[in-house]
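Residue numbers (this note's numbering), protein chains in the order written: chain A, 1 to 113; chain B, 114 to 228. Worksheet for the structure shown next.
What follows is the structure in structure tokens.
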């Protein structure tokens, strides 16, 4: 059974720091991995989608990497800003049930001014 | 529409009442998904539609939960005889055909409180 784990559960950093959020998954048979952002009281906003054949994806100050064989992904946020404060969720799309995303429990990020 | 639209955004209902939650997917998206996010819990898959058909209903928590989709567009999630444990955020999402490479887009959610 696919399980997704995110570490740390919460993170507080001063503005301007570069930071890394971690996501691990137990079964490497995935089609892709998607990173989302969730603001309090809001839905999920898709940040980056990495296909299983890709190693990384970049969007602005965000860079996501994927090492499928080791079951790991990282989300790198450069020059963090208070507006980056949110919960970040990763989700994998398993090969054996590709319509279903399996989510981690998220990392709650606070960027202090 | 520009994004996935859900209504109501907030609903408070009395235990035992029925509720209907509506989802309007992104235009052209044939795949539609319902997830549930309970307080302090992760996101839980409920049901998926490809067109008007629901190939997998196994995520629905009990027979009090049902969902339908009409015209390959709008979907309704119905919860009958609501219980307090049904209190959660119900998130709808959509994508172009249920294909492995497609990004899934989520709505803002319907926040359900059962009192």
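Ideal placement from N, C-alpha and C gives every residue a C-beta, glycine not left out.
Counting only the same chain and skipping the five closest in sequence on each side, list residues whose C-beta sits under 7 Å from that of residue 71(A).
Counting only Cβ-Cβ distances below 7 Å, and skipping sequence neighbours, we find 24, 25, 26 and 28.
Based on the DSSP output, what are the partners of residue 65(B) in its beta bridges?
Because chain B is modelled from 114 through 228, residue 65(B) falls outside the range shown and cannot be assessed.
Quick one: using the 10 Å Cβ neighbour count with 16 as the cut-off for buried, is residue 221(B) buried or exposed?
Residue 221(B) comes out buried.
Using C-beta distances below 7 Å, list every residue in its chain close to residue 84(A), excluding the 5 sequence neighbours before and after it, in chain order.
Contacts found: 77, 109 and 111.
C-alpha distance - residue 48(A) paired with residue 130(B), whole-angstrom precision
If you take the alpha carbons of residue 48(A) and residue 130(B), they lie about 39 Å apart.
In angstroms, rounded to a whole number, what distance separates the CA positions of residue 86(A) and residue 155(B)?
Cα to Cα, the separation comes out at about 15 Å.
Measure from the alpha carbon of residue 32(A) to the alpha carbon of each residue in 92(A), 10(A), 62(A) and 59(A), then state which is nearest.
Residue 32(A) has its Cα closest to that of 92(A), out of 92(A), 10(A), 62(A) and 59(A).
Assign residue 204(B) to buried or exposed, taking buried as 16 or more other Cβ atoms, counted over all protein chains shown, within 10 Å of its Cβ.
By the neighbour-count criterion, in which a residue is buried when 16 or more other Cβ atoms sit within 10 angstroms of its Cβ, residue 204(B) is buried.
Where does residue 187(B) fall in DSSP's three states?
Under the three-state reduction of DSSP, residue 187(B) is assigned to coil, being neither helix nor strand.
Using a Cβ-Cβ distance under 9 Å, would residue 29(A) count as near chain B?
Closer than 9 Å: no.
9 Å Cβ cutoff met for residue 117(B) and residue 219(B):
Residue 219(B) is positioned such that its CB atom lies closer than 9 Å to that of residue 117(B).
Please say whether residue 187(B) and residue 149(B) have beta carbons closer to each other than 9 Å?
Contact: no.
So is residue 217(B) in contact with chain A if we call contact Cβ pairs under 9 Å?
Yes, its Cβ sits closer than 9 Å to a Cβ of chain A.
Report the CB separation of residue 94(A) from residue 113(A) in whole angstroms; it is logged as a contact under 8 Å.
Not a contact, Cβ separation roughly 40 Å.
Considering only C-alpha positions, which residue in the set 61(A), 10(A) and 36(A) is nearest to residue 18(A)?
Checked all of 61(A), 10(A) and 36(A); the closest Cα to residue 18(A) is 61(A).
With a Cβ-Cβ cutoff of 9 Å, do residue 2(A) and residue 102(A) count as a contact?
Their beta carbons are under 9 Å apart, which means residue 2(A) touches residue 102(A) by this criterion.
So residue 100(A) contacts chain C; which residues on that side make the cut at Cβ distance below 9 Å?
The chain labelled as chain C is not found among the protein chains of the depicted structure, namely A and B.
By Cβ distance, which residues of its chain are closer than 6 Å to residue 151(B), with the 5 residues on each side in sequence left out?
The residues 201, in chain order, have a CB closer than 6 Å to that of residue 151(B) in the same chain once the five nearest residues on each side in sequence are set aside.
In the stretch 42-75 of chain A, which residues sit with their C-beta less than 7 Å from some C-beta in chain B, listed in chain order?
So the list reads 42, 43, 44, 46, 49 and 51, given in the order they occur along the chain.
Given residue 199(B), which residues of its chain have a CB within under 7 Å of its CB, disregarding the five upstream and five downstream residues?
Taken in chain order, the residues that qualify are 192, 225 and 227.
Let me confirm a value: residue 8(A) is counted as buried when at least 16 other C-beta atoms fall within 10 Å, else exposed. Which label applies?
Flag for residue 8(A) reads exposed.
Through-space distance from residue 13(A) to residue 107(A), alpha-carbon basis:
Here the alpha carbons of residue 13(A) and residue 107(A) stand approximately 13 Å from one another.
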